[in-house]
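Here full-length UniProt numbering runs 26 ahead of the position in the sequence shown, where the first position is 1. For glycine and all other residues, C-beta sits at the position ideal for the given N, C-alpha and C. Below is one structure; the comments refer to it alone.
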Amino acid sequence: SDAFHHVPEIFKSRTPPYEKLINNLSKVQRILNNQPLTLAEKILYSHLVEPEEISGFHNVHDIRGKEYLKLNPDRVAMQDASAQMALLQFMTCGLPETAVPASIHCDHLIVGSEKGAESDLKASISTNQEVFDFLKSCGERYGIQFWGPGSGIIHQIVLENFSVPGLMMLGTDSHTPNAGGLGAIAIGVGGADAVDALTGTPWELKAPKILGVKLTGHLSGWVSPKDIITKLAGMLTVRGGTGFIVEYFGDGVESLSCTGMATICNMGAEIGATTSTFPMQDAHYRYLVSTNREPIAKAAESVNRNFKFLQADEGAEYDQIIELDLNTLEPSVNGPFTPDLSTPISKLAETTKENKWPETISAGLIGSCTNSSYQDMSRAASIIKQAEKAGLKPKIPFFVTPGSEQIRATIERDGLIDVFERNGAVVLANACGPCIGQWDRGKDFDKKETNVILTSFNRNFRARNDGNRNTMNFLTSPDIVTAMIYSGDMNFNPLTQSIKLENGQDFKFDPPVGEELPGKGFIPGRDRFYPELAPKPKADVPVSVSPKSERLQLLEPFKPWDGKELKATVILKVEGKCTTDHISAAGAWLKYKGHLENIAYNTLIGAQNKETGEVNTAYDLDGKPYQIPELMFKWKEEKRPWIVVAEHNYGEGSAREHAALQPRFLNGCIILVKSFARIHETNLKKQGMLPLVFENEADYDKIGSHDEITTKGLIEMVEKEGNNGGILVLQVKKPNGETFDIRCKHTMSKDQIGFFKAGSAINFIGQSKKL
Ligand code: F3S
């Protein structure tokens, strides 16, 4: 143990348990006969609950993409929108505190407008007061750090405070992989998965395949880390990373800052990757020291020097390798409406004309969790200072979102906020704002108008920024956004073209320059934004949820299985595509994320009825039409359990757990389909539902609404504890009395049978923790 650098007490909760991890890893290495491992595998395997679990395997290729790993994450982070359901579920387990350190971040619910940070923050706190109060009280009760509204964006705060090389963490947000920029394995999950980690229950992950990205050359001039990931998104498309962890390596990594690596990992979510990560670099050490974590930097450096823990083994095999030469890279502009439509800046004018995109840009926005580092801000300010010196003024509105109070205060001290503001920028609150639709563009803004915005954000689906489906969001680096505000024109290439000044002279930008880290160090900023470092749980703190609330509702544990065969009626036969958006719509419904009953009024409103072709219409037994959720509420009231029958890839799209919670809450018991999207199938099992797949697809045609279904052999299946799947027979009784059997497949594991028996995974965890 002398090989480990021991950190003072105050840093312990933020340092991965390196000694234990190395111990675990060496057991795995022995089992695998010292086969070379990638960095991602080293971090994952070192977090196995039982390293012996993989003793049946002698080759990583037999594990990747095939086996499930049971893992013990080190930490959990939750953002305000998703934390509500995560914590409501955690509460039902009845535990006094969380099993691992955790943090809550109030960032998604804050609206940004031209009025600027102070006024926006005040208004958003007042609109969301009860949600923030609830989250704060949960934090105090269970010992979870509460980062209040205005303190910053979850991923920036995690990078500044919690991410460390070799850490494994879960976050209830899809851009959690941002922390991979500092060498962690950080994965975005739903609330029920977060509860696994919060309760110390092993968290299951199908071992991902590993996609190696080899970077050569080095970044210079206008090219920034953002251009690496926008280029990769163009090459790989939005599905190219699915089932993979992206691991970067090669000499080119050395020219990246830690925050630049975070930008790249952040947008790994846009290619569907499980997460992304980087081997330990000097840049990581520098970043840890400058964010006041020198002892942790030393511990990481020592564990890497002594055990080569934080880098891939020589000869490690990747499932796929992509090479990118940074010397030949050029800035890209990705969009509209999808992050993988990538156009190099030199082709932007031509592509704009070809596609008939509007040539005038309506606004430029920089910052967000993706691009609000000191380096990003100082480079953007260097562009503005050039323009200011030449007497140029921005042609379009310009917004800056600092990622955290620490960044905001530091760039204020160093005069950058002044540079932004005196040149017409609006500095928004340290929060998500326009990145997640929380952007008030003023009453004169036409929500239907086709218009182009340039942002340094990460996502650009329709309506994501301002609620307008016709706003075309092009994603690019903060450098390009900032230069483009001086032309307001998609035909302008700041790398090669000039702008005419009032005196008739031509002005051309020099490439931006910035500082990787502030020369004078970071300053924390205003105290009121900082929580206690390691809060102790306080059992006497009441968790505030008003029974009259429209936004929050305590969860009633779902009823355990009664030990009998299930008997239920088909309420709806769905036709065609049925994604999590069809099952639990987003948009205006987001405000009910903490109120299961209220949000359940959106259940399956996007689904198409196979028998009538209507959307959001189902029929009661007497033939009367209802909106789908209304009929579900009626049958719940009448204690009539129900089944939905559907086609292929049911529940595709996202890990949105409400799509499983709501049907369960409304008394659904079986979802019977031609095939499932895997994550949704798992989510249904976690909520105590029975997901079944037709053995013979043609049986879909034999079943109709109002058929009565009875399971045959469920009791036996439960007694056998699943055996990782099998066949379950359903007896179908048509309304005319005709009766026949069909065979269905299930994929329930032993644990998942446990969830079903207990009523849900949360009940199961609660029971086992109380034993
Ligand atoms: Fe927030 Fe946008 Fe990031 S919503 S967490 S700033 S992706």
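Exercise. Please go through the stretch 375-402 and give each complete beta strand (DSSP E) segment of 3 or more residues, from N-terminal end onward.
Key: Taking only runs of at least 3 residues, the beta strand (DSSP E) segments lying wholly in the stretch 375-402 are 387-393.
Quiz item: Can you list, in chain order, the residues of its chain whose CB lies under 6 Å from that of C604, leaving out five sequence neighbours each side?
Solution: A633, A672, Y676
Exercise. My understanding is that H621 touches Q653, with C-beta atoms under 8 Å, so please give their C-beta distance in whole angstroms.
Key: H621 to Q653, Cβ: 19 Å. No contact.
Practice problem: Let me know the secondary structure DSSP gives M516 once reduced to three states. | Solution: DSSP places M516 in coil when its eight states are reduced to three.
Exercise. Take N642 and list the residues in its own chain whose beta-carbon comes closer than 6 Å to its own, dropping the five residues that flank it on each side.
Key: I631, Q653, I654
Practice problem: Whole angstroms is fine: what's the gap from N204's alpha carbon to V102's? | Solution: 14 Å
Quiz item: Considering E663, what are the terminal residues of the beta strand (DSSP E) in which it resides?
Solution: From DSSP, E663 is part of no beta strand (DSSP E) but of the alpha helix (DSSP H) over 654-663.
Quiz item: Just reading off the alpha helix (DSSP H) that Y94 is part of, what are its end residues?
Solution: Segment 94-97 is the beta strand (DSSP E) holding Y94; no alpha helix (DSSP H) there.
Quiz item: From the DSSP output, which residues share a beta bridge with W229?
Solution: L97
Quiz item: Around the C-beta of G216, are 16 or more other C-beta atoms found within 10 angstroms, so that it is buried, or is it exposed?
Solution: buried
Quiz item: What residues does ligand 1 have around it, judged by CB closer than 7 Å to any heavy atom, in chain order?
Solution: Q105, D133, H134, I179, I180, H181, D199, H201, S394, C395, T396, C458, C461, I462, F483, N484, R485
Self-check item: L559 classed as buried or exposed, judged by whether at least 16 other C-beta atoms fall within 10 angstroms
Solution: exposed
Exercise. Tell whether a beta-carbon distance below 9 Å holds between S503 and T118.
Key: no
Practice problem: Along the alpha helix (DSSP H) that carries P331, what are the first and last residues, could you check? | Solution: For the record, residue 331 in the displayed sequence is Arg; it is not Pro. Start and end: 320-333.
Exercise. Inspect the beta-carbon positions of P583 and G792 and report whether they are closer than 9 Å.
Key: Their beta carbons are under 9 Å apart, which means P583 touches G792 by this criterion.
Quiz prompt | Pick from L710, T595, E320, Q182 that is closest to K665, judged by C-alpha positions | solution = T595
Practice problem: Quick one: measure Cβ to Cβ for S189 and A212, integer angstroms, because I've assumed they're closer than 8 Å. | Solution: About 7 Å separates the two Cβ atoms, so the contact holds.
Quiz item: Which of helix, strand or coil does DSSP assign to C132?
Solution: coil
Self-check item: 6 Å CB neighbourhood of L797 in its chain, flanking five on each side removed
Solution: Below a pLDDT of 50, predicted positions are generally treated as unreliable, and L797, at 46, falls in that range; the measurement from the model is reported next regardless. No residues qualify anywhere along the chain.
Quiz item: Expressed to the nearest angstrom, what Euclidean distance is found between the alpha-carbon atoms of G298 and G266?
Solution: Each residue's Cα considered, the two are about 7 Å apart.
Exercise. Say yes only if the C-beta of V215 is nearer than 8 Å to one or more non-hydrogen atoms of ligand 2, and no if none qualify.
Key: Absent from the structure shown: ligand 2. Ligands present: ligand 1.
Exercise. Kindly indicate the opening and closing residues of the alpha helix (DSSP H) around Y311.
Key: 308-316
Quiz item: Roughly how many angstroms separate the alpha carbons of T436 and D106, rounded to a whole number?
Solution: 25 Å
Quiz prompt | S524 classed as buried or exposed, judged by whether at least 16 other C-beta atoms fall within 10 angstroms | solution = Here S524 is exposed: its Cβ has fewer than 16 other Cβ atoms, across all protein chains shown, within 10 Å.
Self-check item: N499 - containing alpha helix (DSSP H), residue span
Solution: That residue, N499, is in no alpha helix (DSSP H); its beta strand (DSSP E) goes 497-501.
Quiz item: W615 by DSSP, collapsed to three states: which one?
Solution: helix
Quiz item: Since R167 is in the alpha helix (DSSP H), which residue starts that stretch and which ends it?
Solution: 155-168
Quiz item: In three-state terms, what does DSSP make of H621?
Solution: coil
Self-check item: Burial state of L710, where buried means 16 or more other Cβ atoms lie within 10 Å
Solution: Looking at its Cβ environment, which holds 16 or more other Cβ atoms inside 10 Å, L710 is buried.
Quiz item: Rounded to a whole number of angstroms, what is the C-alpha to C-alpha distance between P305 and L97?
Solution: 21 Å
Quiz item: From this set, D646, L196, D492, which residue's C-alpha is nearest W668's C-alpha?
Solution: Of D646, L196, D492, the residue nearest in Cα terms is D646.
Quiz item: Which term fits N60, buried or exposed, when burial requires 16 or more other beta carbons within 10 angstroms of its beta carbon?
Solution: exposed
Practice problem: Please confirm whether E541 and Y400 have their CB atoms less than 9 Å apart. | Solution: Taking the C-beta atoms as reference points, Y400 is found nearer than 9 Å to E541.
Quiz item: Thinking C-beta only, is G178 closer than 9 Å to F518?
Solution: No, these two residues do not count as a Cβ contact at 9 Å.
Exercise. Please determine if the stretch 43-57 and the stretch 321-341 are in contact, where contact requires at least 3 C-beta pairs separated by less than 8 Å.
Key: Yes: at least three Cβ pairs fall under 8 Å.
Practice problem: Return the CA-CA distance between T606 and T629, expressed in angstroms with no decimal places. | Solution: 10 Å
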